[in-house]
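According to the numbering used here, the sequence shown holds residues 483 to 951 in order. Ideal Cβ placement from N, Cα and C applies to all residues, glycine included.
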Amino acid sequence: MQVFLQGKILGADGFVEAYGRNLNGIGGACLYISLLSEAVPRGLLDHLKLSQELLGSSGGGQFLVLLPAESMPEAHAFLTKTTRKLAGFTGNRLRLAWAATENLGAWTDVRKRLDAEMVRWSGLNALDAADLFSPFEESLAGAGWLEDLFAALPDSAAAVLDLDAPGLLRREGEPHTVATHRALTDNGEAPASLEELASRAAGRKAWGILRGEIDQFETRLRRAQSVEEYMPLTAFFKPFFTGEVQVLCTQGAFWRKVTVLSAGGHGFAVAGSWDALIEFAREMQRLYHRTAEEVLRDSPGPEAKTMSMGLAMAADPASEPAPVWAEAARQLGIAKSSARDSVSIFGRVLDSKQLSEAADLKDLMLRLVDEFGASPQFLGELGAFYRETDRILPARSQHRLAETQQRPWRLHRRLNRVLDSEGRPREFQKARAAVQAAFLTRGQGQLKLKPSGRVALEWARLAKEAESI
Numbered sequence: 483m484q485v486f487l488q489g490k491i492l493g494a495d496g497f498v499e500a501y502g503r504n505l506n507g508i509g510g511a512c513l514y515i516s517l518l519s520e521a522v523p524r525g526l527l528d529h530l531k532l533s534q535e536l537l538g539s540s541g542g543g544q545f546l547v548l549l550p551a552e553s554m555p556e557a558h559a560f561l562t563k564t565t566r567k568l569a570g571f572t573g574n575r576l577r578l579a580w581a582a583t584e585n586l587g588a589w590t591d592v593r594k595r596l597d598a599e600m601v602r603w604s605g606l607n608a609l610d611a612a613d614l615f616s617p618f619e620e621s622l623a624g625a626g627w628l629e630d631l632f633a634a635l636p637d638s639a640a641a642v643l644d645l646d647a648p649g650l651l652r653r654e655g656e657p658h659t660v661a662t663h664r665a666l667t668d669n670g671e672a673p674a675s676l677e678e679l680a681s682r683a684a685g686r687k688a689w690g691i692l693r694g695e696i697d698q699f700e701t702r703l704r705r706a707q708s709v710e711e712y713m714p715l716t717a718f719f720k721p722f723f724t725g726e727v728q729v730l731c732t733q734g735a736f737w738r739k740v741t742v743l744s745a746g747g748h749g750f751a752v753a754g755s756w757d758a759l760i761e762f763a764r765e766m767q768r769l770y771h772r773t774a775e776e777v778l779r780d781s782p783g784p785e786a787k788t789m790s791m792g793l794a795m796a797a798d799p800a801s802e803p804a805p806v807w808a809e810a811a812r813q814l815g816i817a818k819s820s821a822r823d824s825v826s827i828f829g830r831v832l833d834s835k836q837l838s839e840a841a842d843l844k845d846l847m848l849r850l851v852d853e854f855g856a857s858p859q860f861l862g863e864l865g866a867f868y869r870e871t872d873r874i875l876p877a878r879s880q881h882r883l884a885e886t887q888q889r890p891w892r893l894h895r896r897l898n899r900v901l902d903s904e905g906r907p908r909e910f911q912k913a914r915a916a917v918q919a920a921f922l923t924r925g926q927g928q929l930k931l932k933p934s935g936r937v938a939l940e941w942a943r944l945a946k947e948a949e950s951i
């Protein structure tokens with residue numbers, strides 16, 4: 483009898499945050515998880531002296547293998563030893579959880595049994611009773627090793643499981659399929675630091691982290707009616723992210739501004755100049771839409787046909803990446819809980835169409851300043867209509883908000899004051915009218931300010947910030 487064994491690496495986000503003191507640290511932590519999810523199932527099959535053809539899927543922090551039933555006791559013992567070694571190296575931040583079930587019945591039933599078993603062994607049942615009362619010591623002993631792992635790319639992408647080696651990985655064999663692009667210094671001899679990435683941004687010198695995930699990915703996998711349908715799905719998502727992210731980073735707009743942190747499974751994460759990350763998000767949405775429409779055209783339902791993203795900017799170029807990573811995860815969660823195909827950026831959630839509108843509006847506002855000589859002051863005037871203090875002082879702002887929505891002529895009056903059209907060419911007047919129209923929309927019987935207008939305004943303001951200092 484054959485048995486499906488599914489494994490997951492738990493604690494990834496906390497692990498990455500703990501080691502995110504610098505770019506090499508956070509990049510090494512992300513790379514380590516990617517390499518483990520490739521090396522552990524292959525190491526398991528080698529230990530059991532089984533063919534690598536039994537590996538169903540791997541990457542993105544999880545794996546699926548097919549084993550003979552008589553190998554299960556030895557497989558459990560090997561994975562138990564592996565997770566104890568892993569917990570010891572990572573200061574109990576990472577561990578393996580796995581579930582197994584017989585290959586009996588329909589694939590949907592097999593998946594349900596695997597999921598139920600995984601939930602069971604991902605909770606308190608996964609505690610190691612032998613070390614339950616051992617003193618807990620905060621440790622970052624592997625920080626230097628992880629930084630060296632990231633710095634050694636692309637050579638370090640070749641790794642095999644070795645429980646006696648530092649980090650449980652030994653550099654050997656063929657490189658695993660992981661995205662390895664890193665923006666380099668000006669002399670091209672070393673990876674650029676976060677401060678260098680910030681210095682390459684247009685306008686404000688700042689860097690950020692962009693994280694993206696497929697919407698309702700797990701739901702799409704659960705809908706698979708057979709293992710023959712399940713495997714091609716996993717085979718599509720992994721190479722899409724590792725391949726497209728790597729190729730996109732080599733394009734002229736990104737190759738010196740963006741560094742890949744992780745790519746594979748059902749999502750990606752990149753760090754880089756804030757302005758490049760926004761355009762990167764737009765390109766990833768476009769590429770995923772085009773590819774998913776082709777691959778999933780015969781699959782009913784919207785699951786896994788869109789992707790959402792969250793962008794977080796560092797408050798200072800010298801900031802540690804760990805809190806920015808956590809904030810990007812929070813923004814991604816906001817986007818995924820708001821709607822499908824969304825991006826959380828500058829405090830607003832936009833779909834792909836609205837983000838394109840924001841980009842066009844940003845270009846229009848910058849054109850008013852650069853080509854027609856309009857004062858950058860008008861960006862601040864428009865910003866007064868998006869008072870962030872409304873969220874902090876709702877009692878004081880309620881009347882003001884209603885007044886702003888019901889009296890849109892105040893927006894026009896401010897624009898007329900800072901964008902005087904007298905004696906201006908017709909192109910200027912058309913651009914000004916387009917800006918006015920783009921900021922207001924009608925809904926529920928009254929005019930209101932568009933969220934895309936707020937994003938475009940902040941985008942333009944940051945792009946002109948260095949010139950106004």
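query, result
"Spatial neighbours of A942 within its chain, please: CB distance less than 7 Å, with the 5 preceding and 5 following residues excluded, ordered by chain position.", "K844, M847, L848 and L861"
"Which residues in the same chain have their Cβ closer than 6 Å to the Cβ of S950, if we skip the five residues on either side of it in sequence?", "Here S950 scores only 46 on pLDDT, less than 50, and its place in the model is too uncertain to base an answer on."
"Return the bridge partner residues of D833 from the DSSP annotation.", "S824"
"Compute the Euclidean distance between the alpha carbons of E785 and F699, then round it to the nearest angstrom.", "7 Å"
"Looking only at its own chain, which residues have a Cβ that is under 7 Å from the Cβ of G746, when we skip the five neighbours before and after it?", "S516, G541, G542, V660, K720, F723 and T724"
"Since M713 is in the alpha helix (DSSP H), which residue starts that stretch and which ends it?", "V709 to C731"
"Where are the alpha helix (DSSP H) runs, 4 residues long or more, that stay fully inside the stretch 627-714, in chain order?", "676-681 and 699-704"
"Look at the alpha carbon of R566 and the alpha carbon of A817, and state the distance between them as a whole number of angstroms.", "36 Å"
"In or out: A945 buried (at least 16 other Cβ within 10 Å) or exposed?", "buried"
"Less than 6 Å between C-beta atoms, sequence neighbours within five positions excluded: which residues of the same chain meet that for G927?", "Per-residue confidence for G927 stands at a pLDDT of 46, beneath the threshold of 50, marking its modelled position as unreliable; the derived number appears in the next sentence. Nothing listed; no residue qualifies."
"Have a look at I760 and A559 and give me their C-alpha separation to the nearest angstrom.", "46 Å"
"With a CB to CB cut of under 6 Å and the five nearest residues on each side skipped, what residues in its chain are close to E726?", "L769"
"Along the alpha helix (DSSP H) that carries W589, what are the first and last residues, could you check?", "W589 to W603"
"Three-state secondary structure (DSSP) at P933?", "helix"
"Excluding five sequence neighbours on each side, which residues of the same chain lie with their C-beta closer than 6 Å to the C-beta of I691?", "A753, A794, V806, W807 and A810"
"Of all the options C731, M600, G507 and V642, which has the alpha carbon lying nearest to the alpha carbon of A579?", "M600"
"Measure how close the beta-carbons of A639 and L651 come, nearest whole angstrom, since I'm counting them as under 8 Å.", "About 11 Å; that fails the 8 Å criterion."
"Between which residues of its own chain and R704 is the CB-CB distance below 7 Å, once the five residues before and five after are set aside?", "R593"
"Could you spell out the range, first to last residue, of the alpha helix (DSSP H) harbouring F486?", "F486 -> not in any alpha helix (DSSP H); beta strand (DSSP E) instead, spanning Q484 to L492."
"Among E520, F736 and L715, which one has its Cα closest to the Cα of R779?", "L715"
"Classify T952: buried if its beta carbon has 16 or more other beta carbons within 10 angstroms, exposed otherwise.", "Because residue 952 is not part of the residues shown, which for the chain are 483 to 951, the question remains open."
"Straight-line CA distance for K490 to P803?", "25 Å"
"Determine the DSSP secondary structure at A763, reduced to helix, strand or coil.", "helix"
"Secondary structure at P523, three-state DSSP: helix, strand or coil?", "helix"
"Would you say L628 and Y501 are within 7 Å of each other, going by their C-beta atoms?", "yes"
"May I ask you to report which of helix, strand or coil DSSP gives G541?", "strand"
"In terms of alpha-carbon separation, which member of V831, Q918 and Q911 lies closest to V937?", "V831"
"Could you give the DSSP three-state label for L532: helix, strand or coil?", "coil"
"Distance check for G749 and G525, CA to CA, integer angstroms please.", "25 Å"
"Determine the closest residue to G570 out of G783, T590, F497 and D668, with distance taken between C-alpha atoms.", "F497"
"What does the alpha-carbon distance come out to for the pair D757 and G685?", "9 Å"
"Measuring straight from C-alpha to C-alpha, what distance separates K912 and Q836?", "21 Å"
"Would a C-beta distance cut-off of 7 Å place Q488 and L546 closer than the cut-off?", "yes"
"Measuring only the C-alpha atoms, how far is E556 from L530?", "8 Å"
"Are the beta-carbon atoms belonging to L743 and A751 less than 7 Å from one another?", "yes"
"Quick one: residues in its chain with C-beta nearer than 8 Å to the C-beta of K563, no 5 flanking neighbours on either side, listed in chain order?", "L645"
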